[in-house]
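Participant: Residue numbers in the sequence shown follow my numbering, run continuously in steps of one, and reach 159 at the last position.
Just so it is clear, CB atoms sit at the ideal spot from N, CA and C, and this is done for glycine as well.
Dropping a structure here in structure tokens format, bear with me for questions.
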Amino acid sequence: MNTKKDRYIFGTLHILATKNNTIIHATDITGTETISRISSGCMAKNNKDKKSGYYAMLASQEISKTCKKIGLNAFHVKIRAKGGSSSTIIGQGASIVIRSIIREGFKIGRIEDATPTPTNGTRKKGGRRGRRV
Numbered sequence: 027m028n029t030k031k032d033r034y035i036f037g038t039l040h041i042l043a044t045k046n047n048t049i050i051h052a053t054d055i056t057g058t059e060t061i062s063r064i065s066s067g068c069m070a071k072n073n074k075d076k077k078s079g080y081y082a083m084l085a086s087q088e089i090s091k092t093c094k095k096i097g098l099n100a101f102h103v104k105i106r107a108k109g110g111s112s113s114t115i116i117g118q119g120a121s122i123v124i125r126s127i128i129r130e131g132f133k134i135g136r137i138e139d140a141t142p143t144p145t146n147g148t149r150k151k152g153g154r155r156g157r158r159v
């Protein structure tokens with residue numbers, strides 16, 4: 027039997043998943059010190075490939091390399107959509123990033139939705155009669 031207790035060194039993983047891109051930002055537990063930040067658009071060669079899950083997975087593997095080098099082995103995850111008066115639907119890259127981080131050997135503490143919601147904010151685009159198709 028293994029009597030050694032596992033010690034988890036936590037960081038915070040901020041994921042901004044829109045319909046066109048996925049931005050991953052790893053910080054320390056307080057959120058003040060940035061460890062690494064990358065987007066799936068940095069990994070893609072074509073502009074149309076930014077939204078695909080494959081490049082989000084590659085970006086999360088880059089993040090995991092730098093975090094392992096520092097010594098982190100667990101994350102609290104904050105997922106965010108564009109929010110505000112725009113779409114509050116989380117993009118497809120968010121779940122792929124979390125799956126990839128778990129595959130790399132990191133533990134996940136909390137998963138939290140950090141999408142900003144307006145309290146009766148600015149007017150939505152489309153005008154008075156809405157978008158006419």
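Is the beta carbon of residue 48 closer than 8 angstroms to that of residue 82?
Facilitator: yes
Participant: Per DSSP, what kind of secondary structure is residue 92 in: helix, strand or coil?
Facilitator: Here DSSP, grouped into helix, strand and coil, assigns residue 92 to helix.
Participant: Which one or two residues does DSSP pair with residue 101 in a beta bridge?
Facilitator: For residue 101, which the question treats as bridged, DSSP gives the partners 37, 134.
Participant: I need the DSSP call for residue 43, collapsed to helix, strand or coil.
Facilitator: When DSSP states are grouped into helix, strand and coil, residue 43 belongs to the strand group.
Participant: Buried or exposed: where does residue 145 fall if 16 or more other Cβ atoms within 10 Å of its Cβ makes it buried?
Facilitator: exposed
Participant: Tell me, please, which residues DSSP counts as bridged to residue 139.
Facilitator: 105
Participant: Expressed to the nearest angstrom, what Euclidean distance is found between the alpha-carbon atoms of residue 23 and residue 125?
Facilitator: This structure does not reach residue 23, given that the chain is present from 27 up to 159, and the question cannot be answered.
Participant: In whole angstroms, give me the CA-to-CA distance for residue 119 and residue 78.
Facilitator: CA-to-CA, the gap between residue 119 and residue 78 works out to about 7 angstroms.
Participant: Looking at the structure shown, is residue 63 part of a helix, part of a strand, or coil, going by DSSP?
Facilitator: Residue 63 falls in the strand class under three-state DSSP.
Participant: With H, G and I counted as helix, E and B as strand and the rest as coil, what does DSSP make of residue 85?
Facilitator: helix
Participant: Using the C-alpha atoms, what's the distance from residue 139 back to residue 86?
Facilitator: Spanning the alpha carbons of residue 86 and residue 139 requires a straight line of approximately 18 angstroms.
Participant: Cβ of residue 50 within 8 angstroms of Cβ of residue 41?
Facilitator: yes
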